[in-house]
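Trainee: Here the working numbering is used: position 116 in the sequence shown is 121, and no number is missing along the way.
Structure below; questions to follow.
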Amino acid sequence: MTSLAMAGALCAGPVQADEHAWHLELQGELSSPTGWVQVRENAIEGTRLHFDHDLNVNHMQSIRLLAWKPLSDVSELHFGFSTSQLDGNATTEVPVYYNGTTIAPGRLDTVTRFQDFIAFDASYWHRLMDLGQGGRLWWSAGATYVMLNFKLSGTIAADSVGNELKEDFYVQELPVPVLGLHLRYPLTDELRLTADGSWGRLPWVNSFRTEGGEVRLAQTNWEVVLGLEYAFSPHWKLEGYAFHRYFGQDERSHEDGNQIRLGTNGGGLGVDYEF
């Protein structure tokens with residue numbers, strides 16, 4: 006969920022009309038999630054719920070809107086917005102504990118909708134070197150901000166201490182610094198190879214929020230993207246790409262102990278307009 010997902014045309018291609026125009030790209034993605042989520046409330050340890058075999062979340066859908074503008078011949082400014090959805094229908098034969106709530110055996114659904122999982126990012130790109138034949142390598146520095154409210158649905162047990170089936174990870178969120186490398190290499194006048202890698206890390210820090218005392222936060226974001234883009238007019242491009250992304254967040258306080266590990270493997274299609 007960081008700026009390298011901007012795998013659209015970031016450098017001027019042979020058919021581009023304006024080297025310093027704004028670019029907008031709309032992307033749609035489908036991926037397979039792996040990992041788990043676990044939410045503790047006071048002394049009630051949460052059940053570690055794996056996305057695949059516990060929650061039966063087999064697909065994640067994402068929509069991305071990207072915007073960028075060259076500042077000079079060697080620098081770019083980028084912005085990104087994404088929204089994702091995690092849905093799953095499962096059953097459990099034993100009680101499940103989530104955020105201090107006991108979920109009775111039976112249905113256990115994941116209902117994290119697009120409005121519950123949003124991310125923003127911004128970054129500065131600078132050309133690192135020319136590779137010949139129009140190829141270029143860029144480095145980037147920026148930040149990402151993830152707003153996740155992970156929701157479940159099920160029958161709350163009669164003896165449950167709590168009654169919430171969601172965990173608002175976004176309450177403790179802070180901007181995470183991200184560094185990246187990006188390759189743009191033309192294969193023909195219209196076709197270009199794109200390759201991106203980025204890594205972001207926030208070590209254990211005070212989140213400046215209090216919930217049962219000081220809340221400490223750590224987070225990791227990284228991704229790799231490989232794609233092809235096709236320029237079919239001076240102002241329009243199509244793009245297809247494959248990716249792996251990872252998002253991990255930890256929160257700790259006297260009251261809470263919340264963790265999520267979300268890896269996704271998938272692909273996407275995008276359309277880019279220059280104006």
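Heads up, the beta-carbon is just placed ideally off N, CA and C, and yes, glycines get one too.
Do residue 278 and residue 241 have their beta-carbon atoms positioned less than 7 Å apart in this structure?
Mentor: Position 236 of the sequence shown, counted from the start, is the residue given in the question as residue 241. Position 273 of the sequence shown, counted from the start, is the residue given in the question as residue 278. The answer is yes: Cβ separation under 7 Å.
Trainee: Quick one: is residue 163 buried, meaning 16 or more other Cβ sit within 10 Å of its Cβ, or exposed?
Mentor: Your numbering for residue 163 matches position 158 in the sequence shown. Exposed.
Trainee: Kindly list the residues whose CB is nearer than 7 Å to the CB of residue 216, restricted to its own chain and excluding five residues on each side of it in sequence; keep chain order.
Mentor: In the sequence shown, the residue the question calls residue 216 occupies position 211. Closer than 7 Å at Cβ, skipping near neighbours: 258, 260, 261.
Trainee: Would you call residue 252 buried or exposed, if buried means 16 or more other Cβ atoms sit within 10 Å of its Cβ?
Mentor: Sequence index remark: in the sequence shown, residue 252 carries index 247 (1-based). Buried: at least 16 other Cβ atoms inside 10 Å.
Trainee: Between the alpha carbons of residue 168 and residue 106, how many angstroms are there, rounded?
Mentor: The residue given as residue 168 occupies position 163 in the sequence shown. The residue given as residue 106 occupies position 101 in the sequence shown. If you take the alpha carbons of residue 168 and residue 106, they lie about 5 Å apart.
Trainee: Pull the bridge partners of residue 48 from the DSSP assignment, please.
Mentor: Residue mapping note: residue 48 aligns to position 43 of the sequence shown, counting from 1. The partner list for residue 48 (beta bridge, DSSP) is empty, contrary to what the question assumes.
Trainee: Measuring straight from C-alpha to C-alpha, what distance separates residue 64 and residue 268?
Mentor: The sequence position of residue 64 within the sequence shown is 59, counting from 1. The sequence position of residue 268 within the sequence shown is 263, counting from 1. Taking the straight line joining both Cα atoms gives about 12 Å.
Trainee: Which same chain residues end up closer than 7 Å to residue 26 when comparing Cβ atoms and leaving out the 5 residues on each side of it in sequence?
Mentor: As a first step, residue 26 is located in the sequence shown; it is residue number 21 there, counting from the start. Around residue 26: 279, 280.
Trainee: Taking residue 176 as the reference, give the member of 37, 221, 231 with the closest Cα.
Mentor: As a working note, residue 176 is residue 171 in the sequence shown. Answer by Cα proximity: 221.
Trainee: Which residues mark the beginning and the end of the beta strand (DSSP E) in which residue 276 is found?
Mentor: Taking the first residue of the sequence shown as 1, we reach residue 276 at position 271. Annotation: the continuous beta strand (DSSP E) that includes residue 276 extends over 261 to 279.
Trainee: Please report how far the alpha carbon of residue 143 lies from the alpha carbon of residue 276, in whole angstroms.
Mentor: Here residue 143 is taken as the residue at index 138 of the sequence shown, counted from 1. Here residue 276 is taken as the residue at index 271 of the sequence shown, counted from 1. Those two C-alpha atoms are separated by around 22 Å.
Trainee: Can you give me the C-alpha to C-alpha distance between residue 56 and residue 29, rounded to a whole angstrom?
Mentor: Translated into the one-based positions of the sequence shown, residue 56 becomes position 51. Translated into the one-based positions of the sequence shown, residue 29 becomes position 24. Computed Cα separation, rounded: 33 Å.
Trainee: Within 10 angstroms of the Cβ of residue 104, are there 16 or more other Cβ atoms? Answer buried if so, exposed if not.
Mentor: The residue given as residue 104 occupies position 99 in the sequence shown. Classification of residue 104: buried, given that the 10 Å Cβ count is 16 or more.
Trainee: Say whether the segment 124 to 135 touches the segment 81 to 95, bearing in mind that this needs 3 or more beta-carbon pairs closer than 8 Å, one atom from each stretch.
Mentor: yes
Trainee: Looking at residue 146: is its Cβ nearer than 7 Å to the Cβ of residue 186?
Mentor: Here the question's residue 146 lines up with position 141 in the sequence shown. Here the question's residue 186 lines up with position 181 in the sequence shown. No, the Cβ-Cβ distance between residue 146 and residue 186 is not below 7 Å.
Trainee: Could you give the uninterrupted runs of the alpha helix (DSSP H) lying entirely in the segment 179 to 258, keeping only those of 4 residues or more?
Mentor: As for any alpha helix (DSSP H) of minimum length 4 sitting wholly inside the segment 179 to 258, there is none.
Trainee: Just mark residue 2 as buried or exposed, buried being the case when its beta carbon has 16 or more other beta carbons within 10 Å.
Mentor: For residue 2 there is no data in the structure shown, the boundaries of the chain being 6 and 280.
Trainee: Any idea what DSSP makes of residue 42, helix, strand or coil?
Mentor: For the purposes of this step, residue 42 is taken as the residue at position 37 of the sequence shown. Reduced to three states, the DSSP call for residue 42 is strand.
Trainee: For residue 95, report the span of its beta strand (DSSP E) as first-last.
Mentor: For the purposes of this step, residue 95 is taken as the residue at position 90 of the sequence shown. Residue 95 -> beta strand (DSSP E) spans 80 to 97.
Trainee: With distances taken from CA atoms, which of 133, 96, 140, 271 is nearest residue 79?
Mentor: The residue labelled residue 79 in the question sits at position 74 within the sequence shown. In terms of Cα proximity to residue 79, the closest of 133, 96, 140, 271 is 133.
Trainee: Measuring only the C-alpha atoms, how far is residue 182 from residue 141?
Mentor: The residue labelled residue 182 in the question sits at position 177 within the sequence shown. The residue labelled residue 141 in the question sits at position 136 within the sequence shown. So the two alpha carbons sit approximately 24 Å from each other.
Trainee: Let me make sure I understand the geometry here. Which of 214, 130, 166, 205 has the alpha-carbon closest to that of residue 228?
Mentor: Sequence index remark: in the sequence shown, residue 228 carries index 223 (1-based). Nearest of 214, 130, 166, 205 to residue 228, Cα basis: 205.
Trainee: If we require 3 or more residues per run, which beta strand (DSSP E) segments fall completely within the segment 110 to 142?
Mentor: Runs of the beta strand (DSSP E) inside the segment 110 to 142: 122 to 137.
Trainee: Starting from residue 172, trace the beta strand (DSSP E) both ways and give me its first and last residue.
Mentor: As a working mapping, residue 172 is identified with position 167 in the sequence shown. Per DSSP, residue 172 belongs to the beta strand (DSSP E) from 171 to 173.
Trainee: How is residue 7 classed by DSSP in three states: helix, strand or coil?
Mentor: Position 2 of the sequence shown, counting from 1, holds the residue named residue 7. Bear in mind that the predicted position of residue 7 carries a pLDDT of just 46, short of 50, making it unreliable; the figure below should be weighed with that in mind. Residue state, collapsed to three classes: coil.
Trainee: Compute the beta-carbon to beta-carbon distance between residue 34 and residue 271, rounded to the nearest angstrom, for a pair I have assumed lies under 8 Å.
Mentor: Residue mapping note: residue 34 aligns to position 29 of the sequence shown, counting from 1. Residue mapping note: residue 271 aligns to position 266 of the sequence shown, counting from 1. Right, the Cβ-Cβ distance comes to about 6 Å (below 8 Å), so this counts as a contact.
Trainee: Please report the straight-line C-alpha distance between residue 71 and residue 82, rounded to a whole angstrom.
Mentor: Here the question's residue 71 lines up with position 66 in the sequence shown. Here the question's residue 82 lines up with position 77 in the sequence shown. Each residue's alpha carbon lies about 11 Å from the other.
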